[in-house]
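Asker: I have a structure I would like to understand better, so I am pasting it below and will then ask my questions one at a time.
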Amino acid sequence: MEVSVHPTKIAVVGAGPGGLTCARVLQRHGIDVTVYDLDASVDARPQGGSLDMHADSGQVALAAAGLLDAFHALARPEGQQMRVLGRDAGVLLDLVPDRGDDGAPEIDRGQLRALLLDALVPGTVRWGHSVTRLEPLGGGAHRSTSPTARAPSMSWSSARTGPGPGSGRCSVAPSRATRA
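Per the working numbering: the sequence shown ends with 226, consecutive numbering throughout.
In structure tokens:
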């Protein structure tokens, strides 16, 4: 059996930074992708603080998404500076990165999410959808089942699980969904 290099549809579960980056990379390669997220809308909840985007991981992903320059326009390299203060508030240690050191600049989670969402084809993210199971339809196609809505059939899927081991990878594999 021959597997198509470009599946007809890919589902990404989760509109966090990893899922949105994965979707953007897939779209840049001409692949039809839909992101399903449980949040009711883009602004359903606060996105939290800031993220360090390391040169050997997050920045590599943003480069693959074609968004590295836009990221650097928003990022704060000064966020890499660290001070350790004593009980009297005196500076015990002051680590200042070298000028031009872009090792791990910070970006607000909300800014990163907006950057990624703006780069996607409109309508890519389906808010208020909880994908709980993929049902095999034969011929490599699967249908997602959900208590909130039914999604169209797809040939492949990629699940984003959020923080934790392996969550930083954008992978496309034959549809087998599991929830952590």
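Heads up, the beta-carbon is just placed ideally off N, CA and C, and yes, glycines get one too.
Taking the beta strand (DSSP E) that Thr178 belongs to, which residues open and close that run?
Answerer: Taken as a continuous stretch (DSSP letters only), Thr178 belongs to no beta strand (DSSP E), as it is neither H nor E.
Asker: Near Leu131, what residues of its chain come up, given a Cβ to Cβ distance below 7 Å and the 5 sequence neighbours on each side ignored?
Answerer: Val137 and Leu138
Asker: Kindly indicate which residue of Lys55, Asp134, His100 and Asp85 has the alpha-carbon position closest to the one of Ser176.
Answerer: The shortest C-alpha separation from Ser176 is found at Asp85.
Asker: Scan the region 64 to 92 and note each continuous beta strand (DSSP E) run of 3 residues or more that stays entirely inside, going in chain order.
Answerer: List check, beta strand (DSSP E) in window: 79 to 83.
Asker: Please determine if the region 173 to 191 and the region 94 to 102 are in contact, where contact requires at least 3 C-beta pairs separated by less than 8 Å.
Answerer: When Cβ pairs closer than 8 Å are counted between the two stretches, the region 173 to 191 is seen not to touch the region 94 to 102, the count staying below three.
Asker: Count the other CB atoms within 10 Å of the CB of Ser37; is the residue buried (16 or more) or exposed (fewer)?
Answerer: This structure does not reach residue 37, given that the chain is present from 47 up to 226, and the question cannot be answered.
Asker: Would the beta-carbon of Tyr82 fall within 9 Å of that of Gly112?
Answerer: Not a contact, by the Cβ cut-off of 9 Å.
Asker: Mapping DSSP to helix, strand and coil, what is Leu141?
Answerer: DSSP places Leu141 within a strand segment (E or B) once states are collapsed to three.
Asker: Based on Cα-Cα distance, which residue from Leu108, Arg122, Val79 and Phe117 lies nearest to Pro151?
Answerer: Arg122
Asker: Hey, could you find the ends of the alpha helix (DSSP H) Asp164 is sitting in?
Answerer: Arg155 to Ala165
Asker: Throw me the rounded Cβ distance for the Thr170 and Ala69 pair, which I believe falls under 8 Å.
Answerer: 6 Å
Asker: Going by the CB atoms, is the gap between Gln73 and Leu161 shorter than 9 Å?
Answerer: no
Asker: I'd like to confirm something about Gly132: is its beta-carbon nearer than 8 Å to some heavy atom of the ligand PLP, or not?
Answerer: The ligand PLP is absent from the structure shown, which contains no ligands of any kind.
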